[in-house]
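A.B. asks:
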Amino acid sequence: MVKKKATSRPLAELLGTRIAELRKSRQWTQAQLAERVEVEPETISRFERGATVPSLHTLETLAQVLHASIGDLLVKSSSVPDDQAMRISAWLSELSPDDRTLVMDVVKRLCDRLS
1 MVKKKATSRP LAELLGTRIA ELRKSRQWTQ AQLAERVEVE PETISRFERG
51 ATVPSLHTLE TLAQVLHASI GDLLVKSSSV PDDQAMRISA WLSELSPDDR
101 TLVMDVVKRL CDRLS
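Below you can see the structure in the form of structure tokens.
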């Protein structure tokens, strides 16, 4: 369920910006995110523009799908390292737990060796 702006415009715009940042860090289209959240692509577009805000249920679903907390969706953050970390996190989230552990071990060893 989508509700019209019940909050201040700046908050709706911030939320929309964060949804777009997290979506783009995963290299997903609005349609791909919409499919995962089970809403129409136009709904994602309206969220990202700050034209509407999601219901609490949809906000929780967005956070889960984007592997973020609701707080992450409401806090301004757009530095390059954070975007890179989100992209890496998205890649890791697609792996099985065993593969994720393997990749983390390899990355740690590589970082230890390079430092």
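Residue numbers (full-length UniProt numbering): 1 to 115. All C-beta atoms, glycine included, are put in the ideal place defined by N, C-alpha and C.
Please report how far the alpha carbon of E42 lies from the alpha carbon of M104, in whole angstroms.
C.D. replies: Going from the Cα of E42 to the Cα of M104 covers about 37 Å.
A.B. asks: By how many angstroms is the C-alpha of D72 removed from the C-alpha of E13?
C.D. replies: 14 Å
A.B. asks: Please report the straight-line C-alpha distance between T52 and R113, rounded to a whole angstrom.
C.D. replies: 48 Å
A.B. asks: Leaving out five residues on either side along the sequence, give the residues of the same chain with a beta carbon under 8 Å from the beta carbon of A63.
C.D. replies: These residues qualify, in order along the chain: S69, I70, D72, L73.
A.B. asks: Determine the contact status of T58 and V37, defining contact as a CB-CB distance below 8 Å.
C.D. replies: In this structure, V37 lies closer than 8 Å to T58 by Cβ.
A.B. asks: For Q30, count the other beta carbons within 10 Å of its own beta carbon; 16 or more makes it buried, fewer makes it exposed. Which is it?
C.D. replies: By the neighbour-count criterion, in which 16 or more other beta carbons inside 10 Å mark a residue as buried, Q30 falls on the buried side.
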